[in-house]
Amino acid sequence: MITRFLSPCLGWLVLTVAPLEHADAKPPADLKKQIAIIQAVGTEGTGNAEAAVAFRELARAKASALLPLLRAIEPSNPIARNWLRSAVEVIVERELAATKPLPFADLKAFLADRTQSPEARRLAFDLMLAIDRATAEAMVPGFLDDPSTELRRDAVELLISEGRKQLAQETGDTATATYRKALDSARDVDQIQEIAKALTNLKQQVDLPRHFGFLTDWQIIGPFHNNDRKGFAEEFPPENSINLKASYPGKESKVQWQALATSDPYGKVDLNKPYGKLKEVTSYAYHEFNSAETQPAELRLGCKNAWKVWLNGQLLFGRDEYHRGQRIDQYKMPVQLKKGTNSILIKLCQNEQKEDWTVQWEFQLRVCDTTGTAILATNRPKSNLE
0 MITRFLSPCL
10 GWLVLTVAPL
20 EHADAKPPAD
30 LKKQIAIIQA
40 VGTEGTGNAE
50 AAVAFRELAR
60 AKASALLPLL
70 RAIEPSNPIA
80 RNWLRSAVEV
90 IVERELAATK
100 PLPFADLKAF
110 LADRTQSPEA
120 RRLAFDLMLA
130 IDRATAEAMV
140 PGFLDDPSTE
150 LRRDAVELLI
160 SEGRKQLAQE
170 TGDTATATYR
180 KALDSARDVD
190 QIQEIAKALT
200 NLKQQVDLPR
210 HFGFLTDWQI
220 IGPFHNNDRK
230 GFAEEFPPEN
240 SINLKASYPG
250 KESKVQWQAL
260 ATSDPYGKVD
270 LNKPYGKLKE
280 VTSYAYHEFN
290 SAETQPAELR
300 LGCKNAWKVW
310 LNGQLLFGRD
320 EYHRGQRIDQ
330 YKMPVQLKKG
340 TNSILIKLCQ
350 NEQKEDWTVQ
360 WEFQLRVCDT
370 TGTAILATNR
380 PKSNLE
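Residue numbers (numbering that gives the first Met the number 0): 0 to 385.
Shown next, in the form of structure tokens:
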């Protein structure tokens, strides 16, 4: 069964609806109408009963319905996407079991259209694998620059495997070139880490902060208080205006801005270094990012403490939570960068807990596009590798 994209919350659906006719499947009376009913499903169960009926109709459709269903994924909300993917999978499973022809050429054309939803294109490729694996797998090397990170991942994995073989054959120079090519296209953290390790073992330098787009040079000010966790809501002076020459009353004494740069390969900025291991405190980090053009972007933050982020004076988001773990790209904030200087301000609060695992007070932030490709500022310091 094709279940790569089947949501766990919909797994019950295929099992609990009445058996579908396998031999004489017919298209629904009004394909567009049934898709619209699915797309109208909302949160907290809104429209689920109607969607279940529409799903049953769509699941009876012939293979000719696959392309309209795939195209409907892009404008749909996440819940509706799960229903549509499930309908696609049921149709394909039934048609394959009945040895009926499936539209491989149409799926290939859909896959080639990079304006379609990345997840829909990935699903189309998985369907192609089920129809003609050899022909589909031959297409994988062409995914190295694909906007679908899942398709791109397959192409990068091919290069990683090739690099491993070259290392086993002791062809270091060839392996280096292969791994470099893989790194240029890699966007998933686990693959990047594996490639970086291989290149390091080959005595090659890797600029991971630049590859990810991590911001490494900051101005910081603090500590202000976070007594009784009230600092998160309180507006300290940096939230109203940025004056890097100013000083303000802090938690225990006057505080002023100071430079803090990080050499961590994953852009981690450790606030314990300038301040010490303090508790019940608040600090701010500020960065000016010069964009070459007006462009959409994502600010991606990793932080285990409470935080808020502003871009050009506008609050983007914040979370008043502590010590819930930290990882790369933990939070993604879509933004519009303006051409020229963009101000990025982060508020970082540390709470009162004293256990060893609560001591960390750090963050990492990168600027990239929706695929995770770094967007580098025109004022970014030069790398040692350039």
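Positions of the beta carbon are idealized from the N, C-alpha and C atoms, including for glycine. Small disclaimer: the values here were computed from a predicted structure and weren't measured.
DSSP beta-bridge partners of S290: In the sequence shown, counting from the first residue as 1, residue 290 sits at position 291. Its beta-bridge partners are G339.
Rounded separation between D29 and M127 - CA only: For the purposes of this step, residue 29 is taken as residue 30 along the sequence shown, with counting starting at 1. For the purposes of this step, residue 127 is taken as residue 128 along the sequence shown, with counting starting at 1. When rounded, the distance between both Cα atoms is 26 Å.
8 Å Cβ shell around W356 - same chain, five flanking residues per side excluded: Here residue 356 refers to the residue found at position 357 of the sequence shown. The answer, listed in chain order, is H322.
Per-residue DSSP class, three states only, for Q349: For the purposes of this step, residue 349 is taken as residue 350 along the sequence shown, with counting starting at 1. Reduced to three states, the DSSP call for Q349 is strand.
Chain-order list of residues whose beta-carbon lies under 6 Å from that of Q329 (same chain, five-residue window excluded): The count along the sequence shown starts at 1 and reaches residue 329 at position 330. Excluding its 5 nearest sequence neighbours in each direction, Q329 has C-beta neighbours in its own chain below 6 Å: G301, listed in chain order.
Secondary structure of H386, DSSP reduced to three states: The requested residue 386 does not occur in the structure, where the chain is confined to residues 0 to 385.
Neighbour-count burial assignment, D125, 16 or more Cβ in a 10 Å radius: Numbered from its first residue, the sequence shown carries residue 125 at position 126. The residue in question, D125, is buried, as its Cβ has 16 or more Cβ neighbours within 10 Å.
Cβ contact (3+ pairs, closer than 8 Å) linking the segment 221-241 and the segment 194-212: With the cut-off at 8 Å, the segment 221-241 and the segment 194-212 do not touch.
Straight-line Cα distance separating L166 from A123: Within the sequence shown, residue 123 is the residue found at index 124, counting from 1. Within the sequence shown, residue 166 is the residue found at index 167, counting from 1. Between the alpha carbons of A123 and L166 lies a distance of about 34 Å.
Cβ-based burial, E56 [other Cβ within 10 Å; buried from 16]: Along the sequence shown, read from residue 1 onward, the residue named residue 56 stands at position 57. With 16 or more neighbouring CB atoms inside 10 Å of its own CB, E56 falls in the buried class.
L364 versus E351, A284, P117, R121, residue with shortest Cα-Cα distance: The sequence position of residue 364 within the sequence shown is 365, counting from 1. For the residues E351, A284, P117, R121, the minimum Cα distance to L364 belongs to A284.
Other residues of its chain near A22: CB distance less than 8 Å, five sequence neighbours each side excluded: Position 23 of the sequence shown, counted from the first residue, corresponds to residue 22. Here A22 scores only 36 on pLDDT, less than 50, and its place in the model is too uncertain to base an answer on.
Spatial neighbours of R318 in its chain, beta-carbon cut-off 7 Å, leaving aside the 5 residues before and after: Translated into the one-based positions of the sequence shown, residue 318 becomes position 319. For R318, where only same-chain residues beyond five positions count, the Cβ hits under 7 Å are A305, W306.
Segment contact flag, the segment 64-71 with the segment 98-109, C-beta cutoff 8 Å, min 3 pairs: With a cut-off of 8 Å, the segment 98-109 and the segment 64-71 count as touching, because enough Cβ pairs lie within range.
Spatially closest choice to Q335 from G312, F223, E43, by CA coordinates: Position 336 of the sequence shown, counted from the start, is the residue given in the question as residue 335. Taking only the C-alpha atoms, the option nearest Q335 is G312.
Residues sharing a beta bridge with M332, DSSP: By 1-based counting over the sequence shown, the position of residue 332 is 333. In DSSP, M332 forms a bridge with L298.
N350 and V280 closer than 7 Å at C-beta: The sequence position of residue 350 within the sequence shown is 351, counting from 1. The sequence position of residue 280 within the sequence shown is 281, counting from 1. In this structure, V280 does not lie closer than 7 Å to N350 by Cβ.
C-alpha gap between W360 and D269, whole angstroms: Sequence index remark: in the sequence shown, residue 360 carries index 361 (1-based). Sequence index remark: in the sequence shown, residue 269 carries index 270 (1-based). Cα atoms of W360 and D269: separation of roughly 6 Å, rounded to the nearest angstrom.
Cβ pair count under 8 Å reaching 3, the segment 184-195 against the segment 249-258: No, because fewer than three Cβ pairs between the segment 184-195 and the segment 249-258 fall closer than 8 Å, the two stretches do not touch.
Residue from V139, D145, R186 with nearest C-alpha to Q115: Numbered from 1 along the sequence shown, position 116 holds the residue referred to as residue 115. Looking at the Cα atoms, D145 is the closest of the given residues.
Pick from A174, Q33, F288, S240 that is closest to E386, judged by C-alpha positions: Nothing about residue 386 can be read from this structure; the chain reaches only from 0 to 385.
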